[in-house]
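Protein chains in written order, with our numbering: chain A, 152 to 320; chain B, 152 to 320.
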């Protein structure tokens, strides 16, 4: 099972592709950020994010794509800009015929650290540890994307176990 | 000169393609709304808007695409949703190699009615009159999209006249 997490941002859009072995172990397949040129027009920036994410999906063939649910933002203007990036990220997944799972920040922290109110640094440390990375990836958008992928794999594994377990009488 | 206006919305995305003759007269080439299914997942809705707008651009070949600048929304959650639609609209134009012009609501009303604080109904009446339509198009997202296209054509014609005029000494 291979999941791709996407962390949308107006400056950087982080991505991480994580593979889970049948024995449950996690491996990082790919990680990085897409950073559209600062001078570019909005439409060009969105096109760069769309083609970048499409290329990652086509190259690394994740079974599913996972993305953070967003309910808040600094203000309406930032929310509109962030929404634009989120729109093209969802479209890239849909265009590549991948289903998209959405997880709240609370679910992501719970799945990775075991505690929904965990600090950002705890999430970074745990992602680095779980994937046996040499150091905490920079910028933090990468760790966020990997955390979303891990959250999806954990959720999926739990659901599979529940479905496989005999029903209680 | 042919312009396509897009009015992004989470329920309906209106579009209008308007042609301006060399003598300045305006003709409506195409108008309508893209209405993704209510039951569909967000990614599927965005894919429907993207492919719908792409088809309109490919069929009617506008020289340019124009879209409303958005600075406000009811709240952050609505802004995120609206941003997602706006993102795929900008991407559709960029993917079809069309430049995108953005106009403020004030500029659009000024260009169509001659008064930036005009009522919505005045804009609808004026668009219907300028394009010699039989009745006010419904839903209003269509009139908004046509107004954006007209705004772009007027702005473009004014700029062309300014560039053609001899410089004052």
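Where is the CB? At the ideal position from N, CA and C, for every residue including glycine.
(message) Going by beta-carbon coordinates alone, are residue 158 of chain B and residue 308 of chain B separated by less than 7 Å?
(response) Contact flag unset, no.
(message) Using a 10 Å radius around the Cβ and a threshold of 16 neighbouring Cβ atoms, would you call residue 216 of chain A buried or exposed?
(response) buried
(message) Would residue 293 of chain A and residue 219 of chain A be called neighbours here (beta carbons separated by less than 7 Å)?
(response) Pairing residue 293 of chain A with residue 219 of chain A gives a Cβ-Cβ distance that is not under 7 Å.
(message) One question on the structure: do residue 200 of chain A and residue 185 of chain A come within less than 7 Å of each other, judged by their Cβ atoms?
(response) yes
(message) Cβ closer than 8 Å: which chain A residues qualify as neighbours of residue 221 of chain B?
(response) 231
(request) Apply the 10 Å Cβ neighbour rule to residue 164 of chain A and answer buried if 16 or more other Cβ atoms are within range, or exposed otherwise. (result) buried
(request) Kindly give me the distance between the Cβ atoms of residue 263 of chain A and residue 251 of chain A, rounded to whole angstroms, as I take these residues to be in contact under 8 Å. (result) Contact flag wrong, Cβ pair sits at about 19 Å.
(message) Among B:183, B:203, B:280 and B:259, whose alpha-carbon lies nearest the alpha-carbon of residue 289 of chain B?
(response) B:183
(request) Please state if the CB of residue 239 of chain A and the CB of residue 233 of chain B are separated by a distance shorter than 7 Å. (result) no
(request) Could you name the residues of chain B that residue 160 of chain A contacts, counting a contact when the two beta carbons are closer than 7 Å? (result) Here the premise fails: no neighbours, minimum Cβ distance about 13 Å.
(request) Starting from residue 201 of chain A, find everything on chain B with Cβ-Cβ shorter than 7 Å and list it in chain order. (result) 242
(request) Count the other CB atoms, across all protein chains shown, that sit within 10 Å of the CB of residue 173 of chain A; report buried if there are 16 or more and exposed otherwise. (result) exposed
(message) I want to verify the contact list: residues of chain B whose CB lies under 7 Å from the CB of residue 193 of chain A, in sequence order.
(response) Result: 241.
(message) Within the continuous alpha helix (DSSP H) that includes residue 215 of chain B, where are the two ends?
(response) Residue 215 of chain B: not part of any alpha helix (DSSP H); member of the beta strand (DSSP E) spanning 215-219, first to last residue.
(message) Relative to the C-alpha of residue 179 of chain A, which candidate in A:311, A:315, A:286 and A:306 has its C-alpha closest?
(response) If we check each option's Cα against that of residue 179 of chain A, A:286 comes out closest.
(request) Could you list which residues in chain B have their beta carbon closer than 8 Å to that of residue 237 of chain A, in chain order? (result) 231, 234, 235 and 238
(request) Compare the C-beta of residue 197 of chain A with all C-beta atoms of chain B and state if any pair is closer than 7 Å. (result) yes
(message) Run through chain B and tell me which residues come within less than 7 Å of residue 228 of chain A, C-beta to C-beta.
(response) 222
(message) List, in chain order, every chain B residue whose beta-carbon is nearer than 9 Å to that of residue 251 of chain A.
(response) By Cβ distance, chain B contributes 192, 193 and 194.
(message) Is residue 245 of chain B close to chain C? Criterion is C-beta to C-beta, closer than 7 Å.
(response) Of the protein chains in this structure, namely A and B, none is chain C.
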